[in-house]
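First the structure, in the form of structure tokens, and then the observations on it.
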Amino acid sequence: MTETAVPQSSQRFVHHGRAGELLAISLVNLLFKVLTLGVYHFWAKTRVRRYVWSQTSFAGERFEYTGQGRELLLGLLRALVWFVAPLVMLGAPVIIFAFLGTRENPPEFLEKFSMVVVFIPLLLVLAGYPYYLFLLGLARYGARRYRLGRTRWRGIRFALAGSAVSHGKKMLGYSILTAITFGIYFPYMRHHLTENLLNHTWFGDQRLSYGGRGGDLVGRYWGFVGLTIAFGIPWGFFVEPVLSGVVEELNRPGQGPPAIVIWLVTTAIGLLSYVPFAVAWLWFRAGELRYYIHQSSLANVRFTADFRTTHFIWLWISNAALVLVTLGLAYSWAAVRTARFFSDHLHLRGELDFSAIGQSPEEVLKAGEGLAEALDLGSI
Amino acid sequence: MQFDAYYTDGHSAERRRVRVLLATQSLRISASGGQPLGEWPYAGLRLMEEVYRDQPVRLQHPSRGEATLTFDSAAILDAVRSQAGVRLRGASLLRSPLAVALLSAVALAAVVAGIVLALPRLVEPLTGLVPERWEQALGEKVAAHLAQDHPFCEQAAGMAALEALTARLMAGVETPYPFRVRVSSRPGVNAFAAPGGQIVILKDLLATAQTPEAVAGVLAHEIAHGLERHPLKGLLRAVGVQLLFNALIGDVTALDDFVERFAQILLISSYSRADELAADRIAIDLLNQAGVRGDGLVAFFQYMEAKQAGASKVPQLLSTHPLTRERIELVESLAKAQGSAMSPGEWAALRAICG
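Protein sequences, first through last, are from chains B and P.
Counting in my numbering, the first sequence runs from 1051 upward without gaps.
Counting in my numbering, the second sequence runs from 3 upward without gaps.
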């Protein structure tokens, strides 16, 4: 791990949030969601974000979230076009032909147009997954653009320039490369996508600059693959058979503990058995994230992160356990812990000249991050 | 009245220390040197976010673009209120820990009350709104899912015996949809009704039952659940709980594989006390009308109770098959008929339905 300079006390991140306050917000949100049959979701999300943003400060000034629930709802509605349009384009001919076919002389008609009737559904299935990958890239970019565009610090807006469609295309192209190289390209894909996001990120009139290289992540990636195999072989041969034996024994009808206990025990066993794999991924993710941060700079200032991999892994595993055990009630505690973790471990090396940073030239955005909402990409 | 504050002008990230004077119509902002930086009218003054304990107060004004005033304490809010009579939105919220705790408790209580009180009351009217054809289609899906890894048994003689018994039990009964009774090769001593009149008996129940009357009793009980649309009610309840759970976790879009999971739930879940007893009453009516004795069912209940008592020390209310004692007494007091359920030949054929 690289040695970090002692951060200047004036320019550091601090998270002031309290789990109790966020819990109060979530419970009120929950009440409204129940009353509105879930529609309040967008306003609830906005409220939570406003709290988390305004409780995080840098250099003594808190961040500001200016997004609105209405924008998220509109964004989702707008994003539905991406789902409905291809279905209509490809599905409509099928429906029309099927309809005409039943009205006219069915066998001859279907024979004449059988290519259409068979080919189009086939195309839908074959194109579906690549299209999903494209949408995933598009959604991530759009969501980040919205979040950054709605974030201010000292009245200065953040922004994500560039094109979401191009990010979607990149996501698709790199995924294909990763697939045909049997995963060798994976770390390069991660690097390229991050590069595209970070190098288009602006604070006011200053652009963030990321100078990483995909090759630097290769070692970490194969370490992750090795860990997965190291966990997977004993898991497949010993742990899994024992676990499924226990589950089967519990499920033997006509005796044993009540259904709810069986369900809890089997679910807990199922989740616990995946912990090693989560650890392997988090081990990769910690190194990757630290690398991205170390390779980023704004104006004359470099970013550093001084969290340990073990602490990072513990953060996520313990958060997941907290949320599961309390059936979601501890979500706010987990969110505050995460915010505090990153505030404590993210530092700037060098002194920012604030008077040299002007307002963002980017236009203020209109609609929300709808597509990410539609694809259910979970984030605060 | 004067306050110290920070001022950012919305054009640069530089922050200045300023003095803010509360004049009659506006906030007057001046730099520490004394030169004026602007006036913000009280009308239109906006709080940037809800203010919690120990949080700086930040103000903006729509006519001043992205300029921001930051005050260290919430005292400014009270001053603005007494000076200009302006109450800023979000100002009075949650500044004390007690208010936070109180609000949490009230919200949680309201949600729990909603689940406990409103959900069961909603289920009954909602059940009436679901068209029978939907329920039938759903039941077929659930049955098809169950048949995926354990197909239904179809030996012809056994099927004939089962159909004859079903027809006898249901003679003259009006049904919202045609009932379909089948034996599944899935292991387990159990029987259940899926929505839409789909009734499934697991094969081990046929082997465990001592008499055809016991099977007839269980069958009548499941038919009664179907007549009362209990499976659909259970499904609606489960969907309701799922929706609330999703709202809690923060995800409203995850009902995809619900039918699949519902099939699993049916295998292990139980109905409410009231529903079980109601089904028992109707089952006894069906048995009495068909002229089938109730003692087979009693014997079967006793067998299950003995088995359960040996296996666990869990209180009755928590277990999967509760209130056996009460149910036995009910059957014994109401069952009148004395006839048998089927001939020895039919009984042998039914037990061999899975080959």
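Just so it is clear, CB atoms sit at the ideal spot from N, CA and C, and this is done for glycine as well.
All of these numbers come straight from a predicted model, not from anything done at the bench.
{"query": "Distance, Gly1273(B) Cα to Arg17(P) Cα", "result": "46 Å"}
{"query": "Residue burial classification, Ser1368(B) (beta-carbon count within 10 angstroms, cutoff 16)", "result": "exposed"}
{"query": "CB contact check: Leu1080(B) to chain P, cutoff 8 Å", "result": "yes"}
{"query": "Helix, strand or coil at Ala196(P) [DSSP, three-state]", "result": "strand"}
{"query": "Chain-ordered residues of the stretch 40–63 of chain P with a beta carbon less than 8 Å from chain A", "result": "The structure shown has no chain A; the protein chains it does contain are B and P."}
{"query": "Straight-line gap, Leu1123(B) to Val1131(B) (C-alpha atoms, nearest Å)", "result": "14 Å"}
{"query": "Inter-residue spacing [alpha-carbon to alpha-carbon] between Pro178(P) and Arg231(P)", "result": "9 Å"}
{"query": "CB contact check: His152(P) to chain B, cutoff 8 Å", "result": "no"}
{"query": "Helix, strand or coil at Tyr1101(B) according to DSSP, with G and I counted as helix", "result": "helix"}
{"query": "DSSP-derived helix/strand/coil call for Val88(P)", "result": "coil"}
{"query": "For Ala240(P) and Met1139(B), the rounded distance between their alpha carbons", "result": "37 Å"}
{"query": "C-beta neighbour in chain B for Leu105(P), strict 8 Å", "result": "yes"}
{"query": "Continuous alpha helix (DSSP H) stretch holding Ile1283(B): start and end", "result": "Val1268 to Pro1284"}
{"query": "Cβ of Gly12(P) within 8 Å of any chain B Cβ", "result": "yes"}
{"query": "CB-CB length for Ile1363(B) against Ala1336(B), believed under 8 Å", "result": "7 Å"}
{"query": "Residues, ordered as in the chain, of the stretch 69–89 of chain P that lie near chain B by beta-carbon distance below 8 Å", "result": "Ala69, Thr70 and Thr72"}
{"query": "Whole-Å CB distance - Ala308(P) paired with Ala159(P), under 8 Å assumed", "result": "Not a contact, Cβ separation roughly 32 Å."}
{"query": "Ser1294(B): contacting residues in chain P (beta-carbon distance under 9 Å)", "result": "By Cβ distance, chain P contributes nothing, its closest Cβ being about 15 Å from Ser1294(B), past 9 Å."}
{"query": "Host alpha helix (DSSP H) of Thr1359(B) (start-end)", "result": "Thr1359 to Val1375"}
{"query": "Cut-off 7 Å between Cβ atoms - residues of its own chain near Gly67(P), not counting five sequence neighbours on either side", "result": "Gly12"}
{"query": "Residue range of the unbroken beta strand (DSSP E) whose run includes Glu1114(B)", "result": "Glu1111 to Tyr1115"}
{"query": "Val1134(B) burial status per 10 Å Cβ neighbour count (16 or more: buried)", "result": "exposed"}
{"query": "Buried versus exposed call for Tyr1182(B) [16 or more other C-beta atoms within 10 Å across all chains shown]", "result": "exposed"}
{"query": "Closest residue to Arg1128(B) among Val1102(B), Ala1189(B) and Ser1405(B) (Cα-Cα distance)", "result": "Ala1189(B)"}
{"query": "Min CB distance Val1215(B) to chain P below 8 Å", "result": "no"}
{"query": "Partners in chain P for Arg1200(B), counting only beta-carbon separations shorter than 9 Å", "result": "Neighbours of Arg1200(B) on chain P: none; closest Cβ ~13 Å, over 9 Å."}
{"query": "Minimum Cβ-Cβ distance from Glu1111(B) to chain P less than 8 Å", "result": "yes"}
{"query": "Residue from Leu167(P), Arg55(P) and Arg283(P) with nearest C-alpha to Ser345(P)", "result": "Leu167(P)"}
{"query": "Start-to-end residues for the alpha helix (DSSP H) that takes in Gly1337(B)", "result": "Val1325 to His1344"}
{"query": "Under 9 Å from the C-beta of Arg66(P): neighbouring residues of chain B", "result": "Going along chain B, no residue has its Cβ under 9 Å from Arg66(P), so there is no contact; the nearest lies around 10 Å."}
{"query": "Contact with chain B by Arg17(P), beta-carbon distance below 8 Å", "result": "yes"}
{"query": "Beta-carbon neighbours of Phe1133(B), restricted to chain P and to distances below 8 Å", "result": "Result: empty, since nearest Cβ-Cβ is about 12 Å, beyond 8 Å."}
{"query": "Within 7 Å of chain P by C-beta, residues of the stretch 1396–1414 of chain B in sequence order", "result": "Phe1404, Ser1405, Ile1407, Gly1408 and Gln1409"}
{"query": "Enclosing beta strand (DSSP E) for Arg182(P) [first to last residue]", "result": "Arg182 to Ser186"}
{"query": "Coil, strand or helix - Leu1398(B) by DSSP", "result": "strand"}
{"query": "Check whether His1361(B) and Phe1353(B) have beta carbons under 8 Å apart", "result": "no"}
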